[in-house]
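*Asks:*
Protein chains: 2
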Amino acid sequence: MQEHAENPGIAGAADALLLRPVRLGVDTHHEPVVVLRADSPVCRAEGFEAHARIEVIGQQRSIIATLNILVTGELLRPDEVGLSESAWRRLAPAEGERLRFRYAQPSDSMSHVRAKIYGQHLSESQLDAIIADVVAGRLSNVEISAFLVACAGGRMNAAEVTGLTRAMVQSGRRLSWPHPVVVDKHCIGGLPGNRTTPIVVAIVSSLGLVMPKTSSRAITSPAGTADTVETMTRVDLSLDEMRRVVEAEGGCMTWGGAMNMSPADDLLIRVERTLDLDSEGQLVASVLSKKLAAGSTHVLIDIPTGPTAKVRSQAEAQSLLHALQRTAHAIGLKLHGLISDGSQPVGRGVGPALEAHDVLAVLQNQPDAPDDLRQRGLQVAAAVIELGGLATGQAAFDLATAALADGRAWSKFQAICRAQGGLREPGRAPFTHPILATQTGRVARIDNRLLARAAKLAGAPHAKTAGLWLGAHVGDRVERGAPLFVLHAGSQGELAYALDFVARHPPIFHLED
Amino acid sequence: MQEHAENPGIAGAADALLLRPVRLGVDTHHEPVVVLRADSPVCRAEGFEAHARIEVIGQQRSIIATLNILVTGELLRPDEVGLSESAWRRLAPAEGERLRFRYAQPSDSMSHVRAKIYGQHLSESQLDAIIADVVAGRLSNVEISAFLVACAGGRMNAAEVTGLTRAMVQSGRRLSWPHPVVVDKHCIGGLPGNRTTPIVVAIVSSLGLVMPKTSSRAITSPAGTADTVETMTRVDLSLDEMRRVVEAEGGCMTWGGAMNMSPADDLLIRVERTLDLDSEGQLVASVLSKKLAAGSTHVLIDIPTGPTAKVRSQAEAQSLLHALQRTAHAIGLKLHGLISDGSQPVGRGVGPALEAHDVLAVLQNQPDAPDDLRQRGLQVAAAVIELGGLATGQAAFDLATAALADGRAWSKFQAICRAQGGLREPGRAPFTHPILATQTGRVARIDNRLLARAAKLAGAPHAKTAGLWLGAHVGDRVERGAPLFVLHAGSQGELAYALDFVARHPPIFHLED
């Protein structure tokens, strides 16, 4: 319809718009960021402004990135563009490659998000498109935030939660097992020291159930199950290695992060955490997508409930359990719930190696093993045994107790660790410092959240032996001058830092006369 | 309750946690960003991860910033922290000052946002807290996104829209005038070339109405009113200078950005634009907060409506007008609406200087002045005259027409420009290139959005003389080979870039036989 005629100097103009990629070495997490000079011909020609979403086009690949603009200083030369680590990884520019730029086209998935904001429900294919764009890095954190908020506050119906769960499974790898019953467990929300998983895996696989357990590393807590198990054996197994362990022993304890199952989950959780948003629908999809992707058929959900736990009331726990069961049913998972006491930490150790010592003490039936951790391990194992169809009620509990007491669980644990690469002894921290009771009294309550912060400041989980050791639990009577807990750290500096935190905050232990 | 005893090495540990600020020169727009080395003691001790929100504490000031982490390269030394421009501006570190860091405390305003997400309504004091935190830079873009989405899709009731409007006014400076009637106008959504404001100010202030007009620069369009007026006179007047102009001439045409009125607005609009979110409540608060802050009492809202305009249907225009009137009433503004034709560009020029030439032609009653712009200027001026109480209906239109025809408006315009610093001639671009019709036919429609993009790529608004000149309007018959429009650019490169865009996109003019 209209003529473009001769076009003076397009080639010359285009050349000036090709920039040389420079790796800045800056981790902006998932969201790719690029930095352009304000005086670059690209910025001027496109009218780019800081914070714009732009498309960065290489010879092989293109990405959508958030733009920062260099207004002063010599970070970049005029013909260069700076790339964040995520931008660099996704573009993987070849030697000598030049990049070009334009405003990002509006994405279909954001039009679905807007439809949701305006009150429509999302179909499964719309949810697929959104989750695929999240995983591909095509949505910014600002856009992911919009999606999460549009779905929060009970705005997802049951079909949407199911659709989101399936979309999250589809976005990653899905394992399958040649067994009709594959059991699994998951604990909602952190209770410091509540490290039942290695005990449960050992007990139930010693009884013949198949439990190919993948766990996560800590996100906000002082230790994830994978962090703790890593102090005793290798956890970063490939899928093939994991299969061989499960084939040989019926169970495993590996790090799920190596498997790329439900990769959308981590990305959504990061933004949810920034917003401190608790969305039941998102939580259900997050938990169940990982279980479905892991190839589980029967899942036990442990919901510790208490005033400083993630789930704070029985009503909240029941509502969550109901939502989990509804979606589990829709996607073909059998799910049982266990609403447990979340009022205080479990065991003595908090931190990867310290928790591993507790786990080993329980499995080895040591006389000083923490009985609360032992009882919880048995309780969860019995629930998994019942779910797996081996026995019900007291009989299931008796089966679990016998397997632990007669050493079968400990033998199985050692066998699994050998199959994963060998059993090793968790270490001990070089620096410790006790926090002492300033009065005599009974422990009325313990603040789980502050306790976890203190353990993290001491270095957990990145320093494997760091964390803290509990000298007392709720209900215990302590004498003035006795240790309430002992901080463990890998360096004098981190120890000092944790002590400073404890000194500057309200008491973690509340004592009554 | 608990003892902290002696604390080994806190001082030493604390020293290592103080870092030297380095200005990176990177504009991340409003959101402060800091970069820490992954191996810095701060990152390790606090367990900071990329994308965390952290508090950065100086001797005088502290800010909340988003964390990026340097994982490779030599951008920073171990004792340094990199600051984005917004972080640097807000902290303004003194020579030799050292900064410390901790996780940002959860903000009260985000707990209000979460309450809104969960379905509660926000009180005026809660909205005040949110807007104050937006302006102070304490909320990240991810958090602002959550606020906007929680309020979008009709989730704000009338009281909340009013509360938001008041909160936005409170967050900035508010002007006041010693006149009972202060008229103003605002146009919703861009129609290329629709530059009626200078014409309206000239007409109505020549008739004795007080119209202290502040305008914005372009955000997404090829020209804002302030950009256009700036090619004819000075617009960055201080408040005192503006007062003197209004006292002398009854009207002015200045840039509102210098006044710090409703500073929250720009920040919210940036994130809304990223999300491409059109929220009626936000739009109402945005428009009316600026008018209230400017001290206006009577406001005319022009709503161009058409398929490629911002407001696309009569129903949408009516709904928006109703919402505007409801809130205007609540905050004590008298508001009239004018739903106008938004089907095609207005005048001949698109771009700051090109539009100024059209404005001058109309004011000077030149025979070749674009009649569509003249008619629209008269229509809006008549509506303002009626709103200001000088006359009604045809009489108001006749007043406006007479003031324009007999040169009073042109005299007033020159007087205002002189008072603002002198009248100057808008320039002409050194490079032009016509886009020719490839067939003979009648112009059936023009795509406003693509046309605006082409003008921007040619350099508007940063190059004042850049943009495009329209050779035809809808309904005009054009011969094959006649110019549909002519691109104007300040450089050969930008001209080439705009031509390339036109060549690669669907036709902007649609011709019919």
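Those protein sequence lines, which keep their order, are chains L and P.
Residues in the first sequence are numbered from -2 upward in steps of one, following our numbering.
Residues in the second sequence are numbered from -2 upward in steps of one, following our numbering.
Every residue gets a Cβ at the ideal spot worked out from N, C-alpha and C, and that includes glycine.
Keep in mind it's a predicted model, so treat the numbers as computed, not measured.
(1) Residues of the segment 66 to 100 of chain P in Cβ contact with chain L at a cutoff of 7 Å, in chain order, please.
(2) Three-state secondary structure (DSSP) at Lys288 of chain P?
(3) Starting from the N-terminal side, write out each stretch of the beta strand (DSSP E) that is 3 residues or longer and does not extend beyond the segment 41 to 72 of chain L.
(4) Can you tell me which of the three DSSP states Gly346 of chain L falls into?
(5) Using the C-alpha atoms, what's the distance from Leu433 of chain L back to Ala2 of chain P?
(6) So what does DSSP say about Thr516 of chain P, is it helix, strand or coil?
(7) Is any heavy atom of the ligand SAH found at a distance shorter than 7 Å from the C-beta of Ser104 of chain P?
(8) Mind checking Gly419 of chain L: buried by the 16 CB within 10 Å criterion, or exposed?
(9) Tell me which same chain residues have a C-beta within less than 6 Å of the C-beta of Val207 of chain P, skipping the five on either side of it?
(10) Alpha carbons only, please: which of P:Ser337, P:Arg323, P:Ile60 is nearest the one belonging to Ala133 of chain P?
(11) Which complete alpha helix (DSSP H) runs does the segment 265 to 336 of chain L hold, if anything under 4 residues is left out?
(12) How is Ala91 of chain P classed by DSSP in three states: helix, strand or coil?
(13) Roughly how many angstroms separate the alpha carbons of Ile328 of chain L and Ala290 of chain L, rounded to a whole number?
(14) Return the chain-ordered list of same chain residues with a C-beta closer than 6 Å to the C-beta of Arg345 of chain P, the five sequence neighbours on each side being excluded.
(15) Pick helix, strand or coil for Ala434 of chain P, following the three-state DSSP scheme.
(16) Counting C-beta neighbours from all protein chains within 10 Å, is the total for His27 of chain P 16 or more, i.e. buried, or is it exposed?
(17) Say whether the segment 71 to 81 of chain L touches the segment 115 to 125 of chain L, bearing in mind that this needs 3 or more beta-carbon pairs closer than 8 Å, one atom from each stretch.
(18) By how many angstroms is the C-alpha of Gly278 of chain L removed from the C-alpha of Glu121 of chain L?
(19) Any beta-carbon of chain L closer than 8 Å to the one on Pro103 of chain P?
(20) Listed in chain order, which residues of the segment 110 to 122 of chain P have Cβ atoms closer than 9 Å to some Cβ of chain L?
(21) Which of the three DSSP states, helix, strand or coil, is assigned to Ile7 of chain L?
(22) Once DSSP output is grouped into helix, strand and coil, what is the label at His109 of chain L?
(23) Thinking C-alpha only, which one of P:Ile66, P:Gly55, P:Thr25 is nearest Pro38 of chain P?
(24) If the cut is a Cβ gap below 9 Å, which residues of chain P does Glu140 of chain L touch?
(25) Please state whether DSSP places Ala2 of chain P in a helix, a strand or coil.
(26) Using 8 Å for Cβ pairs, my map puts Thr194 of chain L next to Ser212 of chain L. What's the rounded Cβ distance?
(27) Select from the segment 222 to 239 of chain L all residues with a C-beta closer than 9 Å to any C-beta belonging to chain P, and list them in chain order.
(28) Taking the beta carbon of Gln417 of chain P as the centre, do at least 16 other beta carbons fall within 10 Å, making it buried, or is it exposed?
(29) So what's Pro480 of chain P in DSSP terms, helix, strand or just coil?
(30) For Arg58 of chain P, I'd like the list of residues in its chain whose CB is within less than 6 Å of its CB, leaving aside the five on either flank, ordered along the chain.
(31) Would a C-beta distance cut-off of 8 Å place Leu33 of chain L and Val78 of chain L closer than the cut-off?
(32) Who are the neighbours of Val32 of chain P on chain L, taking C-beta pairs under 7 Å?
(33) Mind checking which residues open and close the alpha helix (DSSP H) that includes Lys210 of chain L?
(34) DSSP three-state call for His354 of chain P: helix, strand or coil?
(35) Throw me the rounded Cβ distance for the Val296 of chain L and Met250 of chain L pair, which I believe falls under 8 Å.
(36) Can you pull the chain P neighbours of Ala147 of chain L, defined as C-beta to C-beta under 7 Å?
*Replies:* Quick look at the numbers:
(1) Ile66, Leu67, Val68, Thr69, Gly70, Leu72, Glu82
(2) helix
(3) 50 to 54, 59 to 67
(4) strand
(5) Caution is warranted here: a pLDDT of 38 is assigned to Ala2 of chain P, below 50, making its placement in the model unreliable, and no coordinate value can be reported.
(6) In the structure displayed, chain P extends from -2 to 510; residue 516 of chain P sits before or after that span and is not available.
(7) Looking for the ligand SAH in the displayed structure turns up nothing, as the structure carries no ligands at all.
(8) exposed
(9) His176, Val179, Gly247
(10) P:Ile60
(11) 277 to 290, 311 to 328
(12) coil
(13) 11 Å
(14) Asp355, Pro367, Trp466, Leu467
(15) strand
(16) buried
(17) no
(18) 15 Å
(19) yes
(20) Val110, Arg111, Lys113, Ile114, Tyr115, Gly116
(21) Confidence is the limiting factor: at Ile7 of chain L the pLDDT is only 42, short of 50, which leaves the residue's position unreliable, though a coordinate-based value still follows. Helix.
(22) helix
(23) P:Ile66
(24) Ser142, Thr271, Leu272
(25) Since pLDDT at Ala2 of chain P reaches only 38, below the 50 mark, its modelled position is unreliable, and the value read off the structure follows with that caveat. Ala2 of chain P falls in the coil class under three-state DSSP.
(26) 6 Å
(27) none
(28) buried
(29) strand
(30) Leu88
(31) yes
(32) Val23
(33) It is not in any alpha helix (DSSP H) - Lys210 of chain L instead sits in the beta strand (DSSP E) that spans 208 to 212.
(34) helix
(35) Contact flag wrong, Cβ pair sits at about 16 Å.
(36) Val146
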